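S.K.: Structure in structure tokens, see below.
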Amino acid sequence: MAQSKISNPQSSEMTGMSNNSIFSETMENPTNPEVQPIAEQSENAQPKSTRPTAKQRKSELEDYRTAFFAPIKLGKDNKHQVAISNETFDRVERTARFFGGPGYSVSNFVEHIINEHLDNNAANYEGWFTLISKSF
């Protein structure tokens, strides 16, 4: 019987995966029983996660309130209307009223959320603006 001359690519070549796969150690040296898969090693090395204490949860809540519920005073000429769906408004209003406390408005909460989003993605926006401007 004639032998095929088709090369047999390694599994990492077929999938494009590098040798950093969690199975790479056991696949490359299946006869060595001392080698543990990387996934098992990392599970053994990591301590079990613990539930946050009441003090930690309270601190996180205060941090959240400070970040998203600080009062904002917008001048009469410094406002714009934004349309959102009734469902989204109900969710935002429920969250703002509950966590923000009395006298807090949905507008303040939305202002903080939008600013946080824009600040967190500022670096991405610069790259994306450059990418988009090159395509025109």
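For what it's worth, this note's numbering labels the leading residue of the sequence shown as 5, then goes sequentially.
Glycine included, each C-beta is placed from N, C-alpha and C at the ideal position.
Note that this is a predicted model, so its numbers are computed, not measured.
1) Just to confirm, is the Cβ distance from Glu-97 to Val-86 under 7 Å?
2) Should the stretch 91-106 be called in touch with the stretch 65-75, which here means at least 3 C-beta pairs below 8 Å?
3) As a quick exercise: from Leu-135, Arg-61, Ile-76, pick the residue whose alpha carbon is nearest that of Phe-113.
4) To the nearest angstrom, how far is it from the Cα of Lys-59 to the Cα of Ala-126?
5) Alpha carbon to alpha carbon, what distance is there between Lys-80 and Glu-115?
6) Is the separation between the beta-carbon of Tyr-129 and that of Phe-73 shorter than 7 Å?
7) Apart from the five residues on each side of it in sequence, which residues of its chain come closer than 6 Å, Cβ to Cβ, to Met-31?
8) According to DSSP, is Gln-113 part of a helix, a strand, or is it coil?
9) Between which two residues does the alpha helix (DSSP H) holding Gln-60 run?
M.R.: Reading it off the structure:
1) No, these two residues do not count as a Cβ contact at 7 Å.
2) Verdict: yes, contact present.
3) Looking at the Cα atoms, Ile-76 is the closest of the given residues.
4) Approximately 33 Å between the Cα atoms of the pair.
5) So the two alpha carbons sit approximately 15 Å from each other.
6) Cβ atoms of Tyr-129 and Phe-73: not closer than 7 Å.
7) Model confidence at Met-31 stands at a pLDDT of 45, short of 50, so the residue's coordinates are unreliable; what they give is reported in the following sentence. Non-local C-beta neighbours of Met-31 in its own chain, meaning closer than 6 Å and more than five positions away in sequence, are absent.
8) Here residue 113 turns out to be Phe, not Gln, going by the sequence shown. If DSSP states are grouped into helix, strand and coil, Phe-113 belongs with the helices.
9) 58-72 is the extent of the alpha helix (DSSP H) around Gln-60.
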